[in-house]
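Reading the sequence shown from the start, the letters are residues 1241 to 1783 in the working numbering.
Even for Gly, the Cβ is constructed at its ideal location relative to N, Cα and C.
None of these values were measured; they are calculated from a predicted model.
Here the structure is laid out as structure tokens; the discussion comes afterwards.
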Amino acid sequence: MPIRELQTKPYNDQKSGTAGLRKKVAVFQQPHYLENFLQSIFDVETSLRGKTLIIGGDGRYYNREAIFTAIAMAAANGVAKVVVGQGGLLSTPAASHLIRLRKAGGGFLFTASHNPAGPDGDFGIKFNVAGGGQAPEGLTTRIYEHSKTIQRYRVAEGANLDLDRRGLQKLEEMEIEVVDCVEDYSALMQSLFDFDRIREWIKKGGTLRFDAMHAVTGPYAQRILVEQLGAATNAVMNATPLEDFGGGHPDPNLIYAKHLVDLVHSPASPDLAAASDGDGDRNMILGRGIFISPGDSLAMLAAHLDKLPGYRGGLKGLARSMPTCRAVDQVAKALKVEFHETPTGWKFFANLFDAGRLTLCGEESFGTSSSHAREKDGLWAVLAWINVLAVTGLSVREIAEQHWRRFGRHYFARHDYENLSTATAASVTQALADANAHLPGKTYGDWTVTQADEFSYHDPVDGSIAVHQGLRVVFGDAARIVLRLSGTGTEGATLRLYLERYEKLETALGWETDSAVAPLANAAEQIVRIGELTGRKAPNVIT
Ligand code: VG1
Ligand code: CO
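Here is the structure:
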């Protein structure tokens, strides 16, 4: 089985977005497309030589082919050992954990997250570095630059691998270990949460429903919730990962998990309902008759986290991405802990975790996680919530209402305008950027603009600066409008408009989010004129 060096020609579109390289499957199927990108990583991140590399994916169409290619190329590029999930499966947080556990040089995670799968769907790669976090921007830029000039790649030919058989195999000098995808992750969860207490809570009648949406979390939820914690066998829905996610859209939100919303508003509601996404890093939390928005979930977990075994020592710091509502800011203030506001995308939290300045963080896009990993972690958030319910004896609704009484309530909605032309999307962001300077002092309804700017982030750990991270119009603590371009799409451009409104009044408890943010949506339309500039009467998706 010789190692061969083969000629190739560069592509010019291998720039990583918010979370890795994401393209249509057909793009990845072009000759040497995947090989070029992987070789660019091996050429730039030379520290992978002689190290362990973690490989897995969310099980979507093209996962296995990509994994075979990656293993054959790793063997030809001096990697000492590959650890790969059985059947090619590893959730994104489980892969991040394995990188840390095995002190690996990095990992390849084949996923396009919640984007639809199948031959006509999307594919992607998240490249994570030693320490478990996603490659930082400087590194992905160098990989991209290299990919535009690449002329050859290296591969071990004729490999005969069995991804379904656990244990050791060999390819040239490289060892390959196929591991159970759940085992190490579940051990980590047991070290953080009080499994006995949760078992007790379930025994006493606590009920759960988790939708794995035919994506990667099925085996994890089945093992942990049903087998280890004793939840009913029907507690996990759609537990078998499928190459096309069953034709569905594993995006845990009010649109794609509407059946869970309907469930919690029916007499059959469990105490806690939840869902995760394609690669297992997102989470949606619902209780009887109530949806907990991601920004609230982050704030509420922050307020209760020190009751859970893994966090008894208290919180080192809290953080959220800029567009995420400012509910957690209130908790950070009350707990007197360090607080950070970062750009969208999990990679920006990694340095803060590594520096010991962060314990819990989250994003409005249904992402929450702690210092146990360097990725957001869907099942972790679900277990954290269950553990909080078990420890406090309160319901999800009681926890939420208690929280809002103490801290006030942030109403939040995100309006997505998908599949716009790049020029149209740019005209909207440009219009707001141009208007920014004139906005402070202007009044819209009950709100007066106190600040209008473009967000940039100065990393307090390594000093790097990330610019163009979204436009924001701030109305003091009372409200905020944020506008940014998505960096994960594979078709056209997507604009995201984030609306946030804060109310201290207890009377606000009964409001619906839609009506609470409606006046703010009007203000946004006056300021940004998305309808006029895009010709769209309404957003495609509201979450
Ligand atoms: C979106 C979300 C962002 C998230 C990213 C990756 O990015 O807004 O918060 O970190 O997806 O999520 P964008 O650029 O499209 O807004 V996942 O579940 O792909 O890792
Ligand atoms: Co994801």
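For this session: Determine the direct distance from the alpha carbon of HIS1505 to that of ILE1530, and round the result to whole angstroms.
Result: 8 Å
Exercise. Near GLU1765, what residues of its chain come up, given a Cβ to Cβ distance below 8 Å and the 5 sequence neighbours on each side ignored?
Worked result: GLY1771
Exercise. Is it the case that the Cβ atoms of PHE1441 and LEU1629 are separated by a distance below 8 Å?
Worked result: Here residue 1441 turns out to be Trp, not Phe, going by the sequence shown. Contact: yes.
Exercise. Do the CB positions of GLY1535 and THR1564 come within less than 8 Å of each other?
Worked result: yes
Exercise. So what's GLU1658 in DSSP terms, helix, strand or just coil?
Worked result: strand
Exercise. Would you say the beta carbon of THR1730 comes nearer than 7 Å to a heavy atom of the ligand CO?
Worked result: no
Problem set entry | Coarse secondary structure for VAL1571, derived from DSSP in three states | helix
Problem set entry | ARG1522 CB to nearest heavy atom of the ligand VG1 below 7 Å | yes
Problem set entry | Where the beta strand (DSSP E) through ALA1396 begins and ends | Boundaries of the beta strand (DSSP E) around ALA1396: 1392 to 1396.
For this session: Mind reading off the beta-carbon distance from GLY1296 to GLY1328? Whole number of angstroms is fine, and I expect it under 8 Å.
Result: A Cβ-Cβ separation of about 6 Å places GLY1296 in contact with GLY1328 under the 8 Å criterion.
Exercise. Cα-Cα, which of GLU1615, LEU1598, ASN1676 is closest to LYS1587?
Worked result: GLU1615
Exercise. In this structure, does DSSP put HIS1678 in helix, strand or coil?
Worked result: DSSP places HIS1678 in helix when its eight states are reduced to three.
Problem set entry | Residue of LEU1274, LEU1500, VAL1284, ASP1569 minimising C-alpha distance to GLY1378 | VAL1284
Problem set entry | Candidates GLY1446, TRP1644, HIS1489, ALA1756, of which the one nearest SER1635 by Cα | GLY1446
For this session: Locate the beta strand (DSSP E) running through ASN1368, then write down its first and last residues.
Result: 1362 to 1369
Exercise. Is the beta carbon of GLY1470 less than 8 Å from the beta carbon of ARG1439?
Worked result: yes
Exercise. Given 8 Å as the limit, is there contact between the region 1662 to 1672 and the region 1598 to 1617, that is, 3 or more CB pairs closer than that?
Worked result: No, they do not touch.
For this session: Spatial neighbours of LEU1672 within its chain, please: CB distance less than 6 Å, with the 5 preceding and 5 following residues excluded, ordered by chain position.
Result: LEU1711, LEU1723, VAL1768
For this session: Can you tell me which of ASP1424, LEU1745, LEU1246, THR1728 puts its alpha carbon nearest to the alpha carbon of LEU1261?
Result: THR1728
Exercise. Start and end of the beta strand (DSSP E) containing GLY1297?
Worked result: 1292 to 1297
Exercise. When we look at the beta-carbon of GLN1326 and count the other beta-carbons within 10 Å, is it buried (16 or more) or exposed?
Worked result: buried
Problem set entry | Chain-order list of residues whose beta-carbon lies under 8 Å from that of GLU1483 (same chain, five-residue window excluded) | Counting only Cβ-Cβ distances below 8 Å, and skipping sequence neighbours, we find GLY1299, ARG1300, TYR1301, ASN1303, ALA1357, GLY1358.
For this session: Specify whether the region 1541 to 1561 and the region 1595 to 1604 touch according to this definition: at least 3 beta carbon pairs, one from each stretch, less than 8 Å apart.
Result: yes
For this session: For the region 1467 to 1519, list the alpha helix (DSSP H) runs that are entirely contained and at least 4 residues long, ordered along the chain.
Result: Along the region 1467 to 1519, the alpha helix (DSSP H) occurs as fully enclosed runs of 4 or more residues at 1498 to 1504, listed in sequence order.
Problem set entry | Limits of the alpha helix (DSSP H) - the one that LEU1623 falls within | 1618 to 1632
Exercise. If you draw a straight line from the C-alpha of GLY1364 to the C-alpha of ASP1569, how long is it?
Worked result: Just so you know, the alpha carbons of GLY1364 and ASP1569 end up roughly 33 Å apart.
Exercise. Among ASP1434, PRO1490, ALA1719, GLN1374, which residue has its Cα nearest to the Cα of ALA1259?
Worked result: GLN1374
For this session: State buried or exposed for GLU1245, treating a residue as buried only when at least 16 other CB atoms are found within 10 Å of its CB.
Result: exposed
Exercise. So which of ALA1572, VAL1501, PRO1549 has the shortest CA-CA distance to ILE1791?
Worked result: Past the boundaries of the shown model lies residue 1791; the chain is included only from 1241 to 1783, so the question cannot be answered.
For this session: Check whether the Cβ of GLY1518 lies closer than 7 Å to any heavy atom of the ligand CO, and answer yes or no.
Result: Within the chosen limit of 7 Å, the ligand CO reaches the beta carbon of GLY1518 through at least one heavy atom.
Problem set entry | PHE1348 (DSSP reduced to helix, strand or coil) | Judged by DSSP in its simplified three-state form, PHE1348 adopts strand.
Exercise. According to the neighbour-count rule (16 or more other Cβ atoms, all chains shown, within 10 Å of its Cβ), is ILE1705 buried or exposed?
Worked result: exposed
Exercise. Taking 7 Å as the line, does the beta carbon of ILE1243 fall inside it for any heavy atom of the ligand ADP?
Worked result: Of the ligands this structure carries, namely the ligand VG1 and the ligand CO, none is the ligand ADP.
For this session: Locate the alpha helix (DSSP H) running through GLN1642, then write down its first and last residues.
Result: Per DSSP, GLN1642 belongs to the alpha helix (DSSP H) from 1636 to 1647.
For this session: Report yes or no: do three or more beta-carbon pairs, one from the region 1507 to 1516 and one from the region 1539 to 1553, lie closer than 8 Å?
Result: no
Exercise. Measuring from the CB of GLY1585, is there a heavy atom of the ligand VG1 at a distance below 7 Å?
Worked result: yes
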